[in-house]
Every structure is written in C-alpha cells, then in structure tokens.
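See structure below.
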Amino acid sequence: MRIDRYRFGEIVIGGEAYARDVIVFRDRVVSGWRRRNGHSLLPEDLRDVAAASPSTLVLGRGALGMLRVPAETGRYLAKRGIRLVALRTAAAVEEYNRRADDPGAVGAFHLTC
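Residue numbers (my numbering): 11 to 123.
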C-alpha cells in the first residue's frame, strides 16, 4: 500500500484522504491512531503494530518532529525484533513508500506538529 501524498494535517492513501493520525498496515489503514500521552510514544500505543509482527516500523514524528520516542519504547520494539525508523512525517512517507512492497513494513504517521 503506497501513500499518495502528505501535507500538514492530511495524508492520502489509495486515493482516500485522512485527517487523523494513521497506522498503515499492508492490507489496511487504521485512522484515528491516538497516543495515551499525546506527543510521547509509549509501548502501549503500539500494541496493534507489535501484534502484526512487522520487521520495520516507519514512524512519522510530525511535520516538525514533535512526537517523541522514549527509550522504553525503543526497547519494547527491539525486544520484539521490530526496527524503528523515526523521521519527520514528510521524510517518513518517502521512506515508507520505498518499502511499500516489503510485507514486513508498517507505517505510523502523526499528521500535524
């Protein structure tokens, strides 16, 4: 699944526009992804991602990179064999699209700040 485009507050995937944060799995898009602590990504925010057992999580940290990834979250992913690639969202979209044919890639994108 490829991402058509991203701009602050909106992402278009498969021709459908989303205005809420999303997780992109190989076969579906989950819109309305929320984090318990807003701009800090906690392990519990990634339970659905971990359950899918991807090899790589491409994380869009927001247009300005405001979404923080605490060390405990990095350890949580590493313990499950999930490589984290965390970038500002525009760069993360490009990286995700490079991996779009990889069945082990999942993307999670914060669309605003």
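Cβ coordinates follow ideal geometry from the N, Cα and C atoms, glycine included.
Taking only the alpha-carbon atoms, compute the straight-line gap between residue i and residue j and give it to the nearest angstrom.
| i | j | result |
| --- | --- | --- |
| V34 | T99 | 13 Å |
| V32 | V68 | 12 Å |
| N107 | M11 | 8 Å |
| R17 | L121 | 8 Å |
| R46 | V103 | 23 Å |
| T83 | G114 | 19 Å |
| G42 | R30 | 5 Å |
| L51 | V59 | 13 Å |
| A101 | S63 | 23 Å |
Rounded C-beta distance between residue i and residue j? I'm assuming under 8 Å.
| i | j | result |
| --- | --- | --- |
| D14 | I23 | 6 Å |
On a Cα-Cα basis, can you pick out the residue from the options that is closest to residue i?
| i | options | result |
| --- | --- | --- |
| P53 | A115, L94, D112 | L94 |
| I65 | R90, D55, R30 | A quick correction: the sequence has Ser, not Ile, at residue 65. Among R90, D55, R30, the Cα nearest to that of S65 belongs to R90. |
| G72 | E82, R44, L97, Y28 | L97 |
For residue i, which of helix, strand or coil comes out of DSSP?
| i | result |
| --- | --- |
| A29 | coil |
| L52 | coil |
| A81 | helix |
| T9 | Any property of residue 9 remains undetermined from this structure, which presents the chain solely from 11 to 123. |
| A118 | strand |
When burial is assigned at 16 or more other CB atoms within 10 Å of the CB, is residue i buried or exposed?
| i | result |
| --- | --- |
| E55 | Strictly speaking, residue 55 in this sequence is Asp, with Glu absent from that position. The residue is buried, with at least 16 neighbouring Cβ atoms inside 10 Å. |
| A118 | buried |
| G70 | buried |
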